[in-house]
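S.K.:
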Amino acid sequence: MSIKENLHHIKSALPENVTLIAVTKTHPPEKLMEVYNAGHHIFGENKVQEMADKHEQLPKNIEWHLIGHLQTNKIKYIARFVALIHSVDSLKLLEEINKQALKNNRIINCLLQIYIANEDTKFGLSFTEAETLLHSEAFRDLQNIKIVGFMGMATNTDDQQQISAEFNSLKQFYDRHASNLQLSVLSMGMSSDYQLAIKAGSNMVRVGSAIFGERNYQKI
Ligand SMILES: *Cc1c(COP(=O)(O)O)cnc(C)c1O
74 MSIKENLHHI KSALPENVTL IAVTKTHPPE KLMEVYNAGH HIFGENKVQE MADKHEQLPK
134 NIEWHLIGHL QTNKIKYIAR FVALIHSVDS LKLLEEINKQ ALKNNRIINC LLQIYIANED
194 TKFGLSFTEA ETLLHSEAFR DLQNIKIVGF MGMATNTDDQ QQISAEFNSL KQFYDRHASN
254 LQLSVLSMGM SSDYQLAIKA GSNMVRVGSA IFGERNYQKI
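In terms of my numbering, the sequence shown is numbered consecutively and its last residue is 293.
#1: Please classify GLN173: is it buried, with 16 or more other beta-carbons within 10 angstroms of its beta-carbon, or exposed?
#2: Distance check for ILE187 and PHE200, CA to CA, integer angstroms please.
#3: Got a sec: does ligand 1 put a non-hydrogen atom nearer than 7 Å to the Cβ of SER264?
#4: Express the C-alpha separation of LEU87 and ARG213 in angstroms, rounding to a whole number.
#5: In or out: ASP232 buried (at least 16 other Cβ within 10 Å) or exposed?
#6: When you compare the CB positions of MET277 and LEU256, do they come within less than 8 Å of one another, or not?
#7: Using three-state DSSP, classify VAL96 as helix, strand or coil.
#8: Does VAL221 come out as helix, strand or coil in the three-state DSSP assignment?
#9: What does the Cβ neighbour count give for GLU78, buried or exposed, with the cut at 16 atoms within 10 Å?
#10: Flag this pair as yes or no: are the beta carbons of HIS138 and HIS159 separated by less than 8 Å?
#11: Taking the C-alpha atoms as reference points, what is the distance between VAL161 and PHE196?
#12: DSSP state of PHE116, grouped into three classes?
#13: Which same chain residues, not among the five before or five after ILE293, have their C-beta less than 7 Å away from its C-beta?
#14: Shorter than 7 Å, the distance from the beta carbon of ILE140 to the closest heavy atom of ligand 1, or not?
#15: From GLN144 to VAL121, what does the alpha carbon distance come to, in whole angstroms?
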């Protein structure tokens with residue numbers, strides 16, 4: 074199927090409350106334009122430089138989501154335009170995002186990335202670390218960021234029960250805090266597991282290869 078067909082296929086099956094992030098990392102601008110021209114304008118990238126370059130080249134009404142690990146010294150390249158940062162995993166990073174947001178006279182929406190997988194390759198905060206951060210005074214002082222929800226990645230496994238259990242644990246954590254903290258976004262699920270994530274209560278899915286086909290990492 075073509076990119077456009079993949080996109081329509083996925084979108085038509087999504088519940089109305091679920092936002093699709095088309096994960097465009099490693100793909101050239103022409104491919105992104107196929108998605109754009111099919112009417113989808115919400116893109117996710119995992120590298121700052123790549124996102125800044127694509128933002129420069131592509132139409133300005135694209136909503137850019139940063140989904141990958143972020144270094145404090147790189148925030149300045151995206152602070153002007155990023156719509157949502159999914160991958161906040163420290164207070165230090167949040168303080169720097171706040172600083173850059175202030176410089177650009179805006180409030181940047183962020184998700185705390187929570188570590189739910191049973192493997193040690195993924196970034197993120199534990200539930201306890203996230204609560205400590207959210208209750209800290211230093212966090213309350215930050216006026217130019219807003220935590221609007223959580224992001225989590227499940228273990229890369231074929232065991233669907235394990236994946237669902239991990240997503241469910243984050244949904245429960247989200248439900249415990251959503252009304253107090255006025256949260257509205259739970260970002261869980263990628264190409265291989267977004268259906269399980271939606272069943273568990275995700276309302277934002279980050280889908281790349283199911284739209285664009287497999288990425289060729291050699292070419293980046
Ligand atoms: C690459 C990536 C995705 C999308 O992965 P696919 O398997 O291609 O759908 C989702 N989330 C994050 C954080 C990613 O880095």
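Using N, Cα and C, we set each Cβ at its ideal position, and we do this for glycine too.
M.R.: So, from the listed chains and residues:
#1: The residue labelled residue 173 in the question sits at position 100 within the sequence shown. So GLN173 ends up on the buried side.
#2: On the sequence shown, position 127 is the one that residue 200 refers to. On the sequence shown, position 114 is the one that residue 187 refers to. In this structure, the CA atom of PHE200 is about 7 Å from the CA atom of ILE187.
#3: The count along the sequence shown starts at 1 and reaches residue 264 at position 191. Yes, ligand 1 has a heavy atom inside 7 Å of this Cβ.
#4: Within the sequence shown, numbered from 1, the residue matching residue 213 stands at position 140. Within the sequence shown, numbered from 1, the residue matching residue 87 stands at position 14. Using only the alpha carbons, I get a separation of about 35 Å.
#5: One-based indexing of the sequence shown puts residue 232 at position 159. Per the 10 Å Cβ criterion, exposed.
#6: Your numbering for residue 277 matches position 204 in the sequence shown. Your numbering for residue 256 matches position 183 in the sequence shown. In this structure, LEU256 does not lie closer than 8 Å to MET277 by Cβ.
#7: As a working mapping, residue 96 is identified with position 23 in the sequence shown. Secondary structure of VAL96 (DSSP, three-state): strand.
#8: As a position in the sequence shown, residue 221 is number 148, starting the count at 1. Of the three classes helix, strand and coil, the one that applies to VAL221 here is strand, per DSSP.
#9: Counting from 1 along the sequence shown, the entry for residue 78 is found at position 5. Per the 10 Å Cβ criterion, exposed.
#10: As a first step, residue 138 must be located in the sequence shown, where it is residue number 65. As a first step, residue 159 must be located in the sequence shown, where it is residue number 86. Yes, the Cβ-Cβ distance between HIS138 and HIS159 is below 8 Å.
#11: As a working note, residue 161 is residue 88 in the sequence shown. As a working note, residue 196 is residue 123 in the sequence shown. Going from the Cα of VAL161 to the Cα of PHE196 covers about 9 Å.
#12: Walking along the sequence shown from the start, residue 116 turns up at place 43. Annotated three-state conformation of PHE116 is strand, per DSSP.
#13: Residue mapping note: residue 293 aligns to position 220 of the sequence shown, counting from 1. The predicted model places ILE293 with a pLDDT of 42, which falls under 50 and marks its position as unreliable, so this point remains unresolved.
#14: Here residue 140 refers to the residue found at position 67 of the sequence shown. It does: the Cβ of ILE140 is within 7 Å (strictly closer) of some heavy atom of ligand 1.
#15: What you label residue 144 is simply residue 71 of the sequence shown in a count that begins at 1. What you label residue 121 is simply residue 48 of the sequence shown in a count that begins at 1. A direct Cα-to-Cα measurement between GLN144 and VAL121 gives close to 9 Å.
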